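Taking it in order: structure first as structure tokens, then the write-up.
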Amino acid sequence: MSNYTVESTIVQTRDGAKLRTRLFKPMEEGEITDNLVVVLVHPFSILGGCQAFLQGIAAGLAGKGYKTVTFDMRGAGKSTGRSSLTGFAEIKDVIAICKWVCENLSSDRILLVGSSAGAPIAGSAVDEIKEVIGYVSIGYPFGMFASILFGRHHKGILKSPKPKLFVMGTRDGFTSVKQLQKKLSSAAGRVETHLIEGTSHFQMEGAEFDNQMVNFIHPGGGPRLRADVDGCIDGCNTVEGAPMDREANGCDVFCFLRDPEAEGLAIGS
35 MSNYTVESTI VQTRDGAKLR TRLFKPMEEG EITDNLVVVL VHPFSILGGC
85 QAFLQGIAAG LAGKGYKTVT FDMRGAGKST GRSSLTGFAE IKDVIAICKW
135 VCENLSSDRI LLVGSSAGAP IAGSAVDEIK EVIGYVSIGY PFGMFASILF
185 GRHHKGILKS PKPKLFVMGT RDGFTSVKQL QKKLSSAAGR VETHLIEGTS
235 HFQMEGAEFD NQMVNFIHPG GGPRLRADVD GCIDGCNTVE GAPMDREANG
285 CDVFCFLRDP EAEGLAIGS
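FYI, the numbering for the sequence shown is 35 to 303, going by my numbering.
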């Protein structure tokens, strides 16, 4: 039996595109552990990307107590409008979805997660939405050829002061580990990386990696988003100021949202 429910709706952008949207949430309202909402942005629409690619991650997060939203960007799935090659029109889609989240889900805290081409699109929207408190990239295409299409998105996320995490396979065909490290060396704010050994770009988009992504985002289940004044995050063994080792310390991606200078998360919750 499923431990989450799915609701469907249509969200309209300011320029008239109608986006098919799904809300994944725990079966019982009492099981919702936090008012933070995770918004997932799917891979490149031109190559067939759509929200279905992310439903496994969304279901997993909902099962752990977090409202999670997926949607088809313009021109993808059953959404109206036309997909763009560079992803700049789709930034409006992300903004519209986040606005809908704030107005309809009583949330003022959003974590944006972008997969593949969805990563640069989501990254460009991060500072356009004040309620976004952090960003996670799964396979950001920083490489030379991918930059022909998405290079103009780089500046937006690299200059953002908001906490950001980059997850990538070491055999990603669009971005090498060296290219990732070079790009992130100049990034503002708190930046973390997590490399998955021997994994390619399209492998990480596959359903077989859904549980790994969910468990990495939120291992073990239970409330994990509230900062512990005596440490990092409830359940995390990281010593203040020490190098991060997520697997050894029991950290999840929300650990990187904590402001190391304050007793609380970066958003001041």
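In this text, a Cβ means the ideal position worked out from N, Cα and C, and glycines have one as well.
Only a predicted model underlies this, so the values are computations on that prediction, with no experimental measurement involved.
Check: Out of 179, 82, 138 and 188, which has the shortest C-alpha to C-alpha gap to residue 109?
Finding: As a working mapping, residue 109 is identified with position 75 in the sequence shown. Out of 179, 82, 138 and 188, 82 has the C-alpha closest to the C-alpha of residue 109.
**When 95, 176, 196 and 133 are compared against residue 225, the one with the closest alpha-carbon** = Residue mapping note: residue 225 aligns to position 191 of the sequence shown, counting from 1. It is 196 whose Cα lies nearest to the Cα of residue 225.
**OP:** Excluding the 5 residues preceding and the 5 following residue 151 in the sequence, name in chain order all residues of the same chain whose CB lies nearer than 7 Å to its CB.
**Re:** The residue given as residue 151 occupies position 117 in the sequence shown. Around residue 151: 77, 78, 83, 121, 175 and 184.
message: If you reduce the DSSP assignment to three classes, tell me which class residue 149 lands in.
response: Numbered from 1 along the sequence shown, position 115 holds the residue referred to as residue 149. Strand.
### Task
Would you mind stating whether residue 104 and residue 74 have Cβ atoms separated by less than 8 Å?
Within the sequence shown, the letter at position 70 stands for residue 104. Within the sequence shown, the letter at position 40 stands for residue 74. Yes.
contact_flag[the segment 88 to 95, the segment 155 to 169] where n(CB pairs < 8 Å) is 3 or more: No, the segment 88 to 95 does not touch the segment 155 to 169.
Within the same chain, show all residues whose beta-carbon is closer than 6 Å to that of residue 227, passing over the 5 residues directly before and after it, in chain order.
Residue 227 sits at position 193 when you count from the first residue of the sequence shown. So the qualifying residues of the chain are 200.
*Taking DSSP as the reference, what is the three-state secondary structure of residue 62?*
Taking the first residue of the sequence shown as 1, we reach residue 62 at position 28. Collapsing the DSSP output to three states places residue 62 in coil.
Point to revise | Member of 202, 116 and 71 whose CA lies at the smallest distance from the CA of residue 99 | key: For the purposes of this step, residue 99 is identified with residue 65 of the sequence shown, where counting begins at 1. For the residues 202, 116 and 71, the minimum Cα distance to residue 99 belongs to 71.
**Message:** So residue 173 and residue 142 are supposed to be a Cβ contact under 8 Å. How far apart are they, rounded?
**Reply:** Here the question's residue 173 lines up with position 139 in the sequence shown. Here the question's residue 142 lines up with position 108 in the sequence shown. About 29 Å separates the two Cβ atoms, so there is no contact after all.
Which value, in whole angstroms, describes the spacing of the CA atoms of residue 39 and residue 213? Numbered from 1 along the sequence shown, position 5 holds the residue referred to as residue 39. Numbered from 1 along the sequence shown, position 179 holds the residue referred to as residue 213. The alpha-carbon atoms of residue 39 and residue 213 are separated by roughly 40 Å.
Please go through the same chain and pick out, in chain order, the residues whose beta-carbon is closer than 7 Å to the beta-carbon of residue 211, but skip the five residues on each side of it.
-> As a first step, residue 211 must be located in the sequence shown, where it is residue number 177. Same-chain partners within the cutoff: 204 and 229.
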